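Have a look at the structure below, then the notes.
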Amino acid sequence: MRSSLISNRLLIILLAALLLPVMQAYAESRYVTKNSKAASMESCVAPTDLIRRNHMDLLQHGRDDTVRDGVRGLEYSLSECIDCHASRDARGEAVSVTAEGEFCQACHGYIAVSPACFQCHRTTPEENGSGNSLGYRLDEHSRHLDMQQPAGRETDHEQ
Amino acid sequence: MSNKSDQPSVERRQFIGGTLAAAGALTLAPGVILHAASDGDEATSGASGKHRWGMLIDANKCADGCSACVDACNSEHGLTDLGRPHTDAVWIRPIKLKDKQTGHVNRLVMMCQHCEHPPCVDVCPTNASFKRVDGVVLVDRHRCIGCRYCMMACPYKARSFVHEALTDQSVAAPRGKGCVESCTLCVHRIDAGEMQTACQEACAKDGHNAIVFGDLKDPNSEISRTLKSHNSVQIRADLELNTGVRYLNL
């Protein structure tokens, strides 16, 4: 009698241990939308737990640096979130991250918090706009202009 | 990092989750364990007070009927024409000045003059309107409450207010309803190292070369050399705002 009780308990623990990774995998899959670049990647720019809880803080710190001090190419950027997490429909067109069931809206709708980001920020990746090459504009063309070094950047190609 | 101190720490959560996941992984085949992807992007060091960006516009070269700079500005920053000229955003606009006595007409483009002492910054109640250390006057839309004091204060009528909800903005220029905006001197290009604004690029492409953009603090830049050798003017110089945008042949 006694030994069977122990084995029952062991069985439950074993079952729980077996189920945990499966449940975790299921939980992960709920946050990343299918047909997005993020779905094919192993992890986000930081551990998922950290991003999930602190993404708003990470972005908020960076936004003042960029807007007010002109620091670009920060580790966490909203446009990068959009680039990875916007899913694509059957025709290959990007779907807005704030559309029903999409990456941002799905959680924010559930917790009833409306993100103010997208009153101004774009909700789909920019295919071929002026911001597409943000931070990477030093092409041959611009080198031949009356070049002064950009804000705080030292010469590396004019030597 | 997080200011939400009422929540249990992420580290604790990760420890508990990690221990359980490790137990699970041991029981099964090796599971999927997340690790952070490191990004190759390097952050730039930002605006520097060693520069002051400015612009020189030659009124003689500004061609009648040409709107290349306006179109370039609109497409660069995603300014859409909603067909409502009274409220549509305008960052750069061509104007004509007529001397009533002689009938002589001057044509030039008007935009934010990027003053050293900007009145829009003085009046802003939320510090949304600000001047970067490199002299570019901007609106921080994260702070702008849309009161439009700056529009009243600007002697150049350079600012616009966004009246309608927008979608599909440019990544280079996020903008939205309820905020004031104006010429940014293509600050996204400056930060990225391209020393040419969209309007200058378009003007040069059309062969007019009426716009020169550059560093006013660098004595060897084209703009500084031209300013030294030619007689330029500031518009409303009597206000002593020391504008970053100057005009030739006015």
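Respectively, the protein sequence lines represent chains A and B.
Every number in our numbering is 6 more than the matching position in the first sequence, counting from 1.
Every number in our numbering is 277 more than the matching position in the second sequence, counting from 1.
No residue lacks a Cβ here, since even glycine has one placed at the ideal position from N, Cα and C.
Model, not experiment: these values are computed from the prediction.
- At the C-beta level, Lys327 of chain B and Lys434 of chain B stay beyond 9 Å of one another.
- With a cut-off of 8 Å on Cβ pairs, the segment 425-433 of chain B is not in contact with the segment 80-94 of chain A, counting fewer than three such pairs.
- Judged by their CB atoms, Asp411 of chain B and Trp330 of chain B are nearer to each other than the 9 Å cut-off.
- In terms of Cα proximity to Ala340 of chain B, the closest of B:Arg384, B:Trp368, B:Arg361, B:Ala349 is B:Arg384.
- For Asp411 of chain B, the nearest CB of chain A lies under 9 Å from its own CB, placing it at the interface with that chain.
- Here Thr403 of chain B is exposed. Its C-beta has fewer than 16 other C-beta atoms within 10 Å.
- Within the segment 458-504 of chain B, complete beta strand (DSSP E) segments of at least 3 residues are found at 488-492, given in chain order.
- Under DSSP, the beta-bridge partners assigned to Pro371 of chain B are B:Val386.
- Looking at the DSSP output, Phe124 of chain A sits in no beta bridge, so it has no partner there.
- Inter-residue distance for Ile512 of chain B and Ser498 of chain B is about 22 Å (C-alpha atoms, whole angstroms).
- Exclusion of the five residues before and after Pro396 of chain B leaves Ala430 as the residues of its chain whose Cβ lies within less than 6 Å of its Cβ.
- With 16 or more other Cβ atoms inside 10 Å of its own Cβ, Glu478 of chain B counts as buried.
- Among the residues facing chain A, Arg436 of chain B is not included, as its CB has no counterpart in that chain under 9 Å away.
- Look at Lys454 of chain B: its C-beta is under 9 Å from a C-beta on chain A.
- Going by DSSP, Arg74 of chain A is part of the alpha helix (DSSP H) stretching over 54-75.
- For Pro496 of chain B, there are no C-beta contacts with chain A under 7 Å, since the nearest C-beta of that chain is about 11 Å from it.
- Comparing alpha carbon positions, the residue from B:Pro371, B:Gly491, B:Pro451 closest to Cys343 of chain B is B:Pro371.
- Within chain B, no C-beta atom comes nearer than 8 Å to that of Asp95 of chain A; the closest sits roughly 16 Å away.
- Val414 of chain B places its beta carbon 9 Å or farther from that of His381 of chain B.
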